[in-house]
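In our numbering, the protein residues as written are 32 to 374. Just below is one structure, and these are the notes that go with it.
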């Protein structure tokens, strides 16, 4: 029985033969070690020589997201090695993965199946530190309370005037209504910490700033009247929850250069994703490094033996080297050169 890396190689070669473009698969979280992994892969395939930027490249993407900083660094690396970048999304690329895709020239999505997602960042829930919540939930809850306070005061003014038949001066009615509204809202507002509120807003602004830069710099615009600021604002603030489905039609409505993926390309892309998920690579969660399902890279080498197979279960408390590779130093130097070139 073939090992997962051999099967992945076969799937990626088939995809490249179909598209006549080099393929790269990214099926993993966007964590802080991802840029290092990209540097390692570029060094493995191209050596110390940075590839010619005119070579077309497809990135087969499936990810729940991760860190916005990592996604931004990753797309800068890709854009420095190719001016013709297409992202293939056969099923989903949510949150930070969507941010990454905004830096491509175009996105190919499977109609009715593929989905992108909003860019509202996830933060620790102050009510339960073991859970995460959308920063937009916290940020908009304060706005809701502000509107609720104004509505409460307006209602109190109208009812006071009606019940007293305007016998009390308007100024006194407004003063009493204001005190009433403050009494209603203050216990609720006291639970909101200013530092949390400022942090929520700042976190949302990070995703928006990255999105604006990518949409302004690269070829994702679908029309001349495309407004990067408006699209970025919609992606961060315009959807009711973090899991909202941005399908092909919605992506096009946002002004993104999104195109339908035909059945053949969908099948080949799904095969790549499924076989990439059967491999194992280093990831970082909550500060700890471990091996997990997924793969990020070009097609594996034919005699690749450095990846664990899907049947190799990690030992309890398994640790992997902090840098993730014996060549991490060289790879990091190459990555820094690439990022410097891109910026």
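Cβ coordinates follow ideal geometry from the N, Cα and C atoms, glycine included.
Counting along the chain, the unbroken alpha helix (DSSP H) around residue 259 starts and ends at 259-268. Spanning the alpha carbons of residue 185 and residue 205 requires a straight line of approximately 9 Å. When the five nearest sequence neighbours on each side are left out, the beta carbons in the same chain lying within less than 6 Å of the beta carbon of residue 257 are those of 286, in order along the chain. Taking the Cα positions, residue 34 is about 9 Å away from residue 310.
Taking C-alpha positions only, residue 196 is separated from residue 188 by approximately 12 Å.
Per DSSP, the beta-bridge partners of residue 138 are 118, 289.
When the beta-carbon positions are compared, residue 288 and residue 263 stay at least 8 Å from each other. Cα atoms of residue 40 and residue 298: separation of roughly 15 Å, rounded to the nearest angstrom. In this structure residue 201 is exposed. Its beta-carbon is surrounded by fewer than 16 other beta-carbon atoms within 10 angstroms.
The way I'd put it, the segment 125-140 doesn't touch the segment 62-71; fewer than three beta-carbon pairs between them come closer than 8 Å.
Listed in chain order, the beta strand (DSSP E) elements of length 3 or more contained wholly in the segment 51-138 are 53-58, 88-92, 116-120. Bounds of the beta strand (DSSP E) holding residue 316 are 311-316. Distance from the CA of residue 104 to the CA of residue 77, rounded to the nearest whole angstrom, comes to 19 Å. Comparing alpha-carbon positions, the option among 133, 89, 142 lying closest to residue 150 turns out to be 133.
In the DSSP annotation of this structure, the continuous segment of the beta strand (DSSP E) that includes residue 319 starts and ends at 319-324. Within a 10 Å sphere around the beta-carbon of residue 210 sit fewer than 16 other beta-carbons, which makes this residue exposed. Classified as buried, residue 331 has 16 or more neighbouring CB atoms from the shown chains inside 10 Å of its CB. Between residue 99 and residue 127, the gap from beta carbon to beta carbon is short of 8 Å.
In the displayed model, residue 252 falls within a strand according to three-state DSSP.
Within a 10 Å sphere around the beta-carbon of residue 62 sit 16 or more other beta-carbons, which makes this residue buried. CA-CA distance, residue 87 to residue 117, rounds to 8 Å.
For residue 304, the enclosing alpha helix (DSSP H) stretches over residues 294-308.
Each residue's CA atom was taken as its position, placing residue 274 and residue 91 some 21 Å apart.
Per DSSP, the continuous alpha helix (DSSP H) segment holding residue 281 begins and ends at 279-284.
Secondary structure at residue 328: strand, using DSSP grouped into helix, strand and coil. Inclusion of residue 58 and residue 307 in the CB contact set at 8 Å is warranted, their separation being smaller than that value.
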